[in-house]
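Here is the structure we will look at.
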Amino acid sequence: MIPIKIKKNSGEALYVQIRDAIEKAIKNDELKAGEQLPAVTTLASDIGVTHSTIRRAFEDLSAQGLIGSHVGRGTFVLDRNKQASKEVSPAPVKNTVSDYRSNGESSTATRRLRMGISKSLEALMELAKRPGLIHFTSGMPDPALIENGVLERITKDAFKTSEGQYYTYGESPLGLKALREELAKRFNSDGMDITAANILITNGSQQAASILAQSALENRQRIICETPCWLGIPRAFGAIGHWVETVTRDKGGVIIEKLERFNDNHPALLYLCPEFHHPMGTDLSPDRQTQLINWANEQRVDLLADQIFHDLRFEGPSRKSILTEAGKKSCFIMGSLSKSFMVGLRIGWLIGDEERIKALCAFKRSIDLGSPPLMQGIALALLKSGEYDAHLKKARKHYKVRRDTMIESLEKNMPEGVTWTRPNGGFHMWVELPRGYSSIALFLHAIERGVAFSPGPMQDPDHRFINAFRLSYSSVTPDQVKKGIKALGEAVKELLKGTPSEPGLSGLGDFI
Ligand SMILES: Cc1ncc(COP(=O)(O)O)c(C=O)c1O
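Numbering (this note's numbering), first residue to last: 261 to 772.
Now the structure itself:
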């Protein structure tokens with residue numbers, strides 16, 4: 261391998277310097293076709309950069325057709341003559357995402373565009389830090405629901421069971437067996453068929469997504485993310501070096517026809533939130549679920565279903581997890597206690613096929629050697645003591661009152677043409693303005709009236725859904741909901757006085 265020299269303070273991204281150095285070496289024949297490149301970990305430590313920097317450089321080189329990876333064998337310089345002869349042969353008449361991805365330059369440009377818009381939106385959201393606002397932006401559980409003394413009680417319970425295990429890394433890197441057994445029992449009572457061996461305990465469900473992101477990179481799986489979505493997940497994938505593709509969803513779930521552009525049999529992982537969707541609040545419909553599973557099986561796509569709101573159904577019949585229909589081989593479930601009890605415990609899980617969970621556990625071990633045994637002991641005591649079920653009973657009623665108050669207030673205050681979803685559980689609902697009106701302009705009107713919410717483009721890696729926005733009701737009191745929605749109604753009426761127009765890239769339209 262040629263020596264690669266980088267300048268850390270040159271202002272040019274490190275992965276670009278590395279990518280360009282390798283590209284130059286390939287084009288000058290210093291690196292020959294068939295030559296194996298060092299492993300990501302070796303190259304990262306030789307050059308003194310992170311693994312994701314090397315992976316990103318490799319991804320661009322691979323998109324340009326200069327290198328290729330084979331699972332289990334490594335990364336090799338490709339034969340450019342063969343590549344060139346491939347290029348002159350008639351291209352298949354398909355407009356798939358892989359065709360687009362092969363153009364390295366435009367993929368770099370789109371990556372930058374996405375990041376730039378994302379940063380601008382974050383700057384806009386700084387306005388929501390003004391003191392005294394009513395916040396419909398936060399998807400946190402209400403801490404007032406946790407009774408005084410519960411944490412002390414369950415912590416004491418946790419020590420009663422066994423103290424010794426908290427001094428070590430824990431009995432298994434998969435997590436405390438008793439906790440996994442308790443979770444399996446609960447999921448099985450909802451229709452799953454799993455054992456403790458199908459569960460990996462993680463630090464929040466966010467870590468479950470991160471672990472799958474690493475494995476997807478290693479296995480050259482493309483990442484597809486339904487959108488709108490909670491941006492934390494595509495960001496977790498992006499941070500590890502994936503270019504996240506998106507497929508749009510409507511109130512019934514992923515739009516099946518939109519999946520066609522991925523019909524090139526390239527292995528992939530598709531993230532979706534089938535229950536009480538964040539941010540739409542609606543469920544994946546049973547028909548779409550079946551169609552999605554059939555498509556995923558045909559196209560070698562694994563599903564990652566986010567069930568973080570599973571225990572927070574306050575209305576309607578309970579539904580079986582997507583895993584029961586899709587099967588464990590190609591479907592993973594991520595979840596946690598963060599929404600249904602407390603974010604601070606950082607206890608989450610990843611559920612899937614036993615062998616695959618074992619393999620994924622190796623990624624987790626490389627990050628943290630296992631989730632904290634003490635926190636797992638506390639989570640176990642919470643579930644076993646009956647405190648969790650008592651909490652859920654209260655929480656479901658509590659959030660239903662807030663949802664009802666929000667819907668009543670919307671009905672009372674919103675002008676004609678504005679629509680919203682009616683979630684049967686979870687924390688969020690999705691509001692749509694008539695076409696041609698921008699939620700970003702509305703955000704600015706609303707802030708002046710003392711209310712904040714999350715504009716649609718903040719819920720999409722590609723920043724669309726300009727006329728929609730997310731309202732979260734979990735951490736606002738019914739009185740705040742009434743007051744806030746009244747003010748928001750006034751802001752909407754002000755916005756709708758203007759004529760509908762194309763809002764442009766800034767999303768401001770005629771606002772200024
Ligand atoms: C839909 C969704 N999934 C996953 C997460 C990750 O949460 P945690 O890591 O606390 O489980 C969040 C956090 O807000 C979320 O909203």
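Glycine included, each C-beta is placed from N, C-alpha and C at the ideal position.
Beta carbon of Val603: closer than 7 angstroms to some heavy atom of ligand 1?
yes
Using 8 angstroms for Cβ pairs, my map puts Ile471 next to Lys624. What's the rounded Cβ distance?
5 angstroms
Please report the residue range of the alpha helix (DSSP H) in which Val661 lies.
647-673
Run the proximity test for Asp628: is its beta-carbon closer than 7 angstroms to any non-hydrogen atom belonging to ligand 1?
no
Rounded to the nearest angstrom, how far is the Cβ of Gly686 from that of Phe601, given a contact under 8 angstroms?
So it is not a contact: roughly 14 angstroms between Cβ atoms.
What does DSSP give as the partner residues of Ile327 in its beta bridges?
Val337
Gly492: CB within 7 angstroms of a non-hydrogen atom of ligand 1:
yes
Nearest to Thr759 (by Cα), restricted to the options Asp770, Lys657, Leu765
Asp770
When DSSP labels each residue in this structure, what does Trp609 get in the three-state scheme?
strand
Put Pro577 into one of helix, strand or coil per three-state DSSP.
coil
Nonlocal neighbours in the same chain, by C-beta distance under 6 angstroms from Trp490, ignoring five residues either side:
His538
Helix or strand or just coil, what does DSSP make of Trp555?
helix
Bridge partners for Leu297 per DSSP, in chain order?
Thr335
What does Met689 pair with, by DSSP beta-bridge criteria?
Leu731
What's the call for Arg315, buried or exposed, on a 16-neighbour Cβ count within 10 Å?
buried
Since Ser378 sits in a beta bridge, which residues does DSSP pair it with?
DSSP lists no partner for Ser378.
Determine the DSSP secondary structure at Asp562, reduced to helix, strand or coil.
strand
Whether Arg606 touches Gly716 by CB criterion (8 angstroms):
no
Tell me where the beta strand (DSSP E) around Asn448 begins and ends.
Premise fails: Asn448 lies in the alpha helix (DSSP H), 437-449, not in any beta strand (DSSP E).
Between the CA atoms of Phe336 and Ser329 - distance to the nearest angstrom
6 angstroms
Counting only the same chain and skipping the five closest in sequence on each side, list residues whose C-beta sits under 8 angstroms from that of Asp453.
Thr584
For a test of your reading of the model: does the CB of Ile568 fall under 7 angstroms from any non-hydrogen atom of ligand 1? Yes or no.
yes
Mind checking which residues open and close the beta strand (DSSP E) that includes Phe623?
No beta strand (DSSP E) holds Phe623; the alpha helix (DSSP H) holding it covers 614-628.
Any chance the region 621-635 sits against the region 427-440, with 3 or more Cβ pairs inside 8 angstroms?
yes
From Ser698, Leu640, Gln719, Met666, pick the residue whose C-alpha is nearest to that of Lys445; which is it?
Leu640
Hey, is Asn448's beta-carbon within less than 8 angstroms of any beta-carbon in chain D?
This model lacks chain D altogether; it includes just one protein chain.
Val504, enclosing beta strand (DSSP E) - first and last residue
504-510
Tell me the DSSP bridge mates of Ala726?
Checking the displayed sequence, the identity of residue 726 turns out to be Ile instead of Ala. Per DSSP, none; premise fails for Ile726.
Which of the three DSSP states, helix, strand or coil, is assigned to Pro494?
helix
Under DSSP, the alpha helix (DSSP H) around Gly464 begins and ends at which residues?
464-478
Going by DSSP, what residue range makes up the beta strand (DSSP E) through Tyr429?
That residue, Tyr429, is in no beta strand (DSSP E); it is neither H nor E in DSSP.
Indicate whether Phe713 and Phe703 have their beta-carbon atoms separated by less than 8 angstroms.
yes
How many Å lie between Gly541 and Ala650 at the Cα?
24 angstroms
Would you say the beta carbon of Cys533 is closer than 7 angstroms to some non-hydrogen atom of ligand 1?
yes
Straight-line Cα distance separating Glu412 from Gly749
43 angstroms
To the nearest angstrom, report how far apart Met375 and Trp503 are at their CA atoms.
11 angstroms
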